[in-house]
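*Asks:* Submitted below is the structure of interest, expressed as structure tokens.
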Amino acid sequence: MKTPINKSKLMKRAWMLYRNFKRIYKTFAAALREAWVQEKRIALRKAERPVRKENTEINIAMAATIDAWRNNGRRGMYWGD
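Per my numbering, the very first residue in the sequence shown carries number 9; after that it's consecutive.
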């Protein structure tokens with residue numbers, strides 16, 4: 009499955025990289041290459057997100073324990089060794 013990439017966002021990101029980071033990206037082509045890599049990475053993350061949520065199991069007892077641990081402690085308080 010191909011991940012959709014917004015070409016308008018791609019060109020805007022490339023122009024921003026070229027304009028703001030001229031020392032790193034000396035040509036617009038180099039900035040466009042980097043923008044393409046970044047947009048692909050973002051698109052792949054968005055495609056993976058639903059898969060992660062489906063496979064995640066929530067342990068309610070553990071969540072309650074973590075909440076109690078976080079909320080009962082005071083910041084900077086010494087808890088001993």
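The beta-carbon is built from N, C-alpha and C at its ideal position, and this holds for glycine as well.
Values in this document were obtained by computation on a predicted structure and should not be read as measured data.
1) What is the DSSP secondary structure of Tyr26, counted as helix, strand or coil?
2) For a test of the three-state rule: what should DSSP assign to Arg31, helix, strand or coil?
3) Can you say whether Arg21 is buried or exposed, counting buried as having 16 or more other CB atoms within 10 angstroms of its CB?
4) Our contact map puts Ala39 next to Leu25 with C-beta atoms below 8 Å; I'd like the distance itself, whole angstroms only.
5) Rounded to whole angstroms, what's the CA-CA distance from Lys34 to Ile13? Just pull it up for me.
6) Can you look up Ile74 in the DSSP assignment and give me helix, strand or coil?
7) Are Glu47 and Lys17 closer than 8 Å when you measure CB to CB?
*Replies:* The relevant details are as follows:
1) Helix.
2) In the three-state reduction of the DSSP assignment, Arg31 falls in the coil class, being assigned neither a helical nor a strand state.
3) Arg21 should be labelled buried.
4) The Cβ separation is near 4 Å, so the contact holds.
5) Each residue's CA atom was taken as its position, placing Lys34 and Ile13 some 24 Å apart.
6) Correct three-state label for Ile74: helix.
7) Yes, the pair counts as a contact, with Cβ atoms nearer than the cut-off.
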